[in-house]
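Undergrad:
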């Protein structure tokens, strides 16, 4: 083998010496000792030792001449220097297999440092460079012809790959992977660091991956990187550029130029790490193509050459679909910390059909233009800062934060600012303005509930929607604002729309602040919508301009309070034709407004908080699922209610309210009426015609007062129609009345009205029936509503006792009292007759003397009787008149049962009579006076009666026949007190009365053995007259009377008997008794005519009757002592016809 090697070397040398050209033989080599061109293939290896040089001279230093094996293939390791005056490393056109180059030294070439001169089908080239690979006139790497889809090229550069006369690297097809932490550059004017030079190569490219690590530099005088395709390419390679170092153009190209890629099927990604810089000195930082995705964490920038401020249009990122006659869509994600800064625009879509999809959490700026600008459309989501301004060095600068010429979508949660503009754009007449967002329509969302600091700000306008030349916007637009939108010298939002195209309109939903210098919003001539939310604010005018425009208050389920004074043609919100609310919202309006349009509230609730919209027309509607509701206090121009609606003046805190309608009103649904017994009520007043829709209902809440008529609807013109029904919440079960609606020409009223139940249906007695009739007479008069008494009775409810109320109202005690007084008079009459009887038997002998027992105590003694013969008698003169003074105390307990009409009564009285008389022969005449005090009580009434009386009496004896007679007159003072539960009153009255009495009796004396008998017959007459009175302490249930009288006569037939006998030593005992039948005739039932002081209504009432037939009797005993002292104890009683009394008498006589 060494001999062969030497022989070969000699052959080569001899050929060189004679000037003949011959190919090198493929073989492994080491330099030194090897020198000159080396040809490799198969599994050859080549090593250039450190300090050694392999020089190719006029040929390539290393020629890959034939196929290499797949593994390991050809391996070249350079630790020294490889040079050539042509290409340093070159290949045959049909090489395949693996070729690995590790360069730790220098590879220097006149032409290409390394060329692949064929398709490299199934070939793999792997280059690891930590040294220098350079070319003076060619490329560092010329792999343009390595176009096979199966070709693979891998470069790992930590050194320098450069060209001084062309592109640093040219690439072909297949799979290409470059990792760079060193420098890849060209210093030749107009050349690229990395270039796909032949457009057709794109069609065989499978993937291209560039990983430019920290410290890595890819620099071209033209583009840093350029990739292009044929016009008709449909190839779908995967292209990934991952940069943590620097990719740049140093003179006039793009940092990365992908603008020549026509295929829309490629997958292209550029990732610029936080340490990464992609920049251009005088062009775009990146020119993209369709489908490109850029993820930026570092800096992408562009600049311009000195003196070109007016002509440059260098954006940090740019696409131009017009260049390739295709619509381009790219995606740019600028992450936190990322900066995209363009000398012109930050991100630019130049084609009229281009689409930018941008998500920003970092900073995007256009230093003489927009932060994001598309001549087509775009979708922007911003969490960072986007600004556009003007370059002071330029004569024109249009500094918008975002500029989409056509309709676009912007979601801003950060800051978008147009910082200013300068000059007039070439081809236009008006100075440019600076907008936060300039757009042709679409969707803008500024913030959300958690991003309320979101800002869209323009040095002139916050948002301007037009055709980029002050004409109509291209499309409809919606703006939702949670943050701030401000125009510092113009409009907050301006939408240019002449109204010619009905599809164009502006919708604004404002939760935040919108401000402008004069106009916050100018909405254009379409049918626009502005949605106001509680807490939002506008500074300046919101002008809806032409069309049919709507101001919506809140969204679904909201609770909104709005000052209506802000609506009107001279107010903040101008030229709106409608004010609306969405379903299930609660809207409260305050203030006074000149708004003359429609208030449209469907399936929502409107509350007027003392609001006045006297020119507005409310259209209120609802359904069974979501009703329409109108509440509060305020004024409307007109009202048209329909469907399921509720009308409820007032509030929960102040439930009694008034809704005023200056024009016509149609009332439908349910009118919820709050009423109170103090007269407060809800009210709907209508200046025009009040029309009650068919089926409309009234629902009443609260309780009505009988005394009041509640007007719930009033019209200055006419009330048309009637409510279909009245329901009552928590109804009161009245016995006699019920709430009812009434109508006249101009009013609907609500009041308690009588049902068909008569008061008399609860009357159980004649007195109650009389009272019921009186009350009914009140009800039939004009005093019915004003009568508290009538109202109290009529409004009794289930569980009350109208019968008891009628009984208590009757005041029957006033009718009962005459009978009670008459009964007392009869007792007093009997007492006086008892004195006459005593006088008749004062001188009697034998047993008849006992009939004189039981009389009053006398001051002078009678002749002694045989039974008292043991006692020393003091004889009175017998021929001269006998003067006798006497006294009688008495008590009576009268109980009268109810007769089924008047209430039962008990009368307890006590009294005393004092008298004196003279007896002469067979006659006696005397006078008496007395005082009594009586207390009468019934179930709910009482009376105290004090009576003073005088009497004259006389009698005559004709043997056994005795005649007695008398007359008396009394003056009574009466105080009554009653209780009426119905009214809670205790009526009181004080009045006077008189009573006259005539009475007579005839008796016949019979003695049988030791017992004396006196049959007797009596007759009497009593007349009681009570004066007028008016009860006090009871303005409602009190009674008045002009007085009453009671006259009755009575007869008595009876028998008295008595006897005397001695007991012990010196005591004479005289028991005595009587029994009789008394019959009254004439007035038996006392009556009184009384009237209610509340109304003056008169009715009659009956008292308890006196007993018409009764049994009267007495039982007593006299005890006469030898000392001259006589003690008399007696009981009188009466029983008959439900009345009875018990009376007691006591007398103590002392003889002297």
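In mature numbering (1 follows the signal peptide of the UniProt record, and there is no 0), the protein residues as written are -26 to -1, 1 to 1126. Even glycine gets a Cβ: it sits at the ideal position worked out from N, Cα and C. In this text the structure is predicted, and so the values were computed from the model without any measurement.
Using the Cβ count rule (16 or more neighbours within 10 Å means buried), how would you classify residue 205?
TA: Its Cβ having fewer than 16 others within 10 Å, residue 205 is exposed.
Undergrad: Measuring alpha carbon to alpha carbon, tell me which residue in 1002, 508, 373 is nearest residue 486.
TA: Selected option, being the one with the closest Cα: 508.
Undergrad: Measuring straight from C-alpha to C-alpha, what distance separates residue 223 and residue 151?
TA: Distance between the alpha carbons of residue 223 and residue 151: 21 Å.
Undergrad: Residue 654 to residue 684, Cα distance in whole Å?
TA: So the two alpha carbons sit approximately 8 Å from each other.
Undergrad: Tell me whether the segment 768 to 784 and the segment 937 to 946 touch, counting them as touching only if at least three CB pairs, one residue from each stretch, are closer than 8 Å.
TA: Segments in contact, no.
Undergrad: Taking only the alpha-carbon atoms, compute the straight-line gap between residue 257 and residue 10 and give it to the nearest angstrom.
TA: Roughly 45 Å separates the two Cα atoms.
Undergrad: Give the secondary structure of residue 651 by DSSP, where H, G and I count as helix, E and B as strand, and everything else as coil.
TA: Three-state result, residue 651: coil.
Undergrad: Taking 7 Å as the limit between beta carbons, can you name the residues of its chain near residue 738, skipping five residues before and five after?
TA: For residue 738, where only same-chain residues beyond five positions count, the Cβ hits under 7 Å are 777.
Undergrad: With DSSP collapsed to three states, give me the class of residue 803.
TA: The answer is helix: DSSP assigns residue 803 an H, G or I state.
Undergrad: Report the three-state DSSP secondary structure of residue 531 (helix, strand or coil).
TA: Residue 531 falls in the coil class under three-state DSSP.
Undergrad: Output the distance between the C-alpha atoms of residue 180 and residue 118, rounded to the nearest integer angstrom.
TA: Near 14 Å, if we compare the C-alpha coordinates of residue 118 and residue 180.
Undergrad: Between the beta-carbon of residue 515 and the beta-carbon of residue 491, is there less than 8 Å?
TA: No, these two residues do not count as a Cβ contact at 8 Å.
Undergrad: Given this structure, state the Cα-to-Cα distance separating residue 732 from residue 869, to the nearest angstrom.
TA: If you take the alpha carbons of residue 732 and residue 869, they lie about 34 Å apart.
Undergrad: Report buried or exposed for residue 839, applying the criterion of at least 16 other Cβ atoms within 10 angstroms of its Cβ.
TA: Here residue 839 scores only 37 on pLDDT, less than 50, and its place in the model should not be relied on; the value that follows carries that caveat. Result: buried.
Undergrad: Which whole runs of the beta strand (DSSP E) in the segment 973 to 1008 are 3 residues long or more, in chain order?
TA: 980 to 982, 985 to 1000, all fully within the segment 973 to 1008.
Undergrad: For residue 430, tell me which candidate among 467, 401, 397, 442 has the shortest Cα-Cα distance.
TA: The shortest C-alpha separation from residue 430 is found at 467.
Undergrad: For residue 952, does the three-state DSSP call read helix, strand or coil?
TA: Residue 952: strand per DSSP, three-state reduction.
Undergrad: Go through its chain and collect everything with a Cβ distance to residue 1161's Cβ below 7 Å, but skip five positions before and after it.
TA: Any question about residue 1161 goes unanswered here, given that the chain covers just -26 to 1126.
Undergrad: Which residue comes first and which comes last in the alpha helix (DSSP H) that contains residue 747?
TA: 740 to 753 is the extent of the alpha helix (DSSP H) around residue 747.
Undergrad: Where does residue 405 land, buried or exposed, given buried means 16+ other C-beta within 10 angstroms?
TA: Residue 405 comes out exposed.
Undergrad: Threshold first: 3 residues or longer. Then list the beta strand (DSSP E) segments lying entirely within the segment 909 to 947, N to C.
TA: You should have 915 to 932.
Undergrad: Please report the residue range of the beta strand (DSSP E) in which residue 340 lies.
TA: Start and end: 337 to 340.
Undergrad: Using three-state DSSP, classify residue 791 as helix, strand or coil.
TA: DSSP places residue 791 in helix when its eight states are reduced to three.
Undergrad: What would DSSP say about residue 386, mapped onto helix, strand or coil?
TA: Looking at residue 386 - three-state DSSP - the assignment turns out to be strand.
Undergrad: Identify, in the order they occur along the chain, each residue of the same chain with its Cβ nearer than 8 Å to the Cβ of residue 720, setting aside the five sequence neighbours on each side.
TA: Same-chain partners within the cutoff: 688, 689, 690, 691, 692, 693.
Undergrad: What separation, rounded to the nearest whole angstrom, lies between the Cα atoms of residue 818 and residue 1041?
TA: Those two C-alpha atoms are separated by around 19 Å.
Undergrad: Starting from residue 1030, follow its DSSP beta bridges and name the residues at the other end.
TA: Answer is 988, 1048, bridged to residue 1030.
Undergrad: May I ask you to report which of helix, strand or coil DSSP gives residue 717?
TA: Strand at residue 717.
Undergrad: State the DSSP-derived secondary structure class of residue 298, mapped to helix, strand or coil.
TA: Of the three classes helix, strand and coil, the one that applies to residue 298 here is helix, per DSSP.
Undergrad: Report yes if the CB atom of residue 177 is closer than 8 Å to the CB atom of residue 141, and no otherwise.
TA: Taking 8 Å as the Cβ cut-off, residue 177 and residue 141 do not qualify as a contacting pair.
Undergrad: Between residue 358 and residue 386, what straight-line distance do the alpha-carbon atoms span, to the nearest angstrom?
TA: Going by the C-alpha atoms only, they are around 9 Å apart.
Undergrad: Would the beta-carbon of residue 1031 fall within 8 Å of that of residue 976?
TA: No, these two residues do not count as a Cβ contact at 8 Å.
Undergrad: Specify the secondary structure class of residue 811 as computed by DSSP and reduced to three states.
TA: Of the three classes helix, strand and coil, the one that applies to residue 811 here is helix, per DSSP.
Undergrad: Determine whether the beta carbon atoms of residue 448 and residue 381 lie at a separation below 8 Å.
TA: In contact: residue 448 and residue 381 (Cβ atoms closer than 8 Å).
Undergrad: How should residue 1018 be labelled, buried or exposed, when 16 other C-beta atoms within 10 angstroms of its C-beta is the threshold for buried?
TA: By the 10 Å Cβ count, residue 1018 comes out buried.
Undergrad: Please classify residue 984: is it buried, with 16 or more other beta-carbons within 10 angstroms of its beta-carbon, or exposed?
TA: The residue in question, residue 984, is exposed, as its Cβ has fewer than 16 Cβ neighbours within 10 Å.
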